[in-house]
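A quick write-up on the structure given underneath.
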Amino acid sequence: MNMYSYVRVFKELKGVNFMSTVTQMKCACESCLCVVSLSDAIQKDGKPYCGEACANGHPAGQGCGHTGCTCDA
Numbered sequence: 001m002n003m004y005s006y007v008r009v010f011k012e013l014k015g016v017n018f019m020s021t022v023t024q025m026k027c028a029c030e031s032c033l034c035v036v037s038l039s040d041a042i043q044k045d046g047k048p049y050c051g052e053a054c055a056n057g058h059p060a061g062q063g064c065g066h067t068g069c070t071c072d073a
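Residue 55 in the numbering used here sits at position 55 of the sequence shown; the count goes up by one each step and never skips.
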């Protein structure tokens, strides 16, 4: 793509709003595979977690217990 193509694309996109609302995120636990709804997440230090085990750093070595996830400490 040359410079003129970029300018043309920019002109076409000018005024288009690309804002969207995020409603789900990956659990903030590094080893967890869960995607959690932000409205249901356990918030700790400003980060969303899928459950207490993840939010607390797996203190007893237990996983989150969600199907298909094998996270642990």
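Glycine is no exception: its CB is placed at the ideal position from the N, C-alpha and C atoms.
Note that the coordinates shown come from a computational prediction; the quantities given were computed from them, not determined experimentally.
- For residue 36, the uninterrupted beta strand (DSSP E) segment begins and ends at 35-37.
- The beta carbons of residue 49 and residue 69 sit no closer together than 8 Å.
- Boundaries of the beta strand (DSSP E) around residue 48: 47-49.
- Around the beta carbon of residue 22, a 10 Å sphere encloses fewer than 16 other beta carbons of the protein chains shown; the residue is thus reported as exposed.
- Bridge partners of residue 24 according to DSSP: 37.
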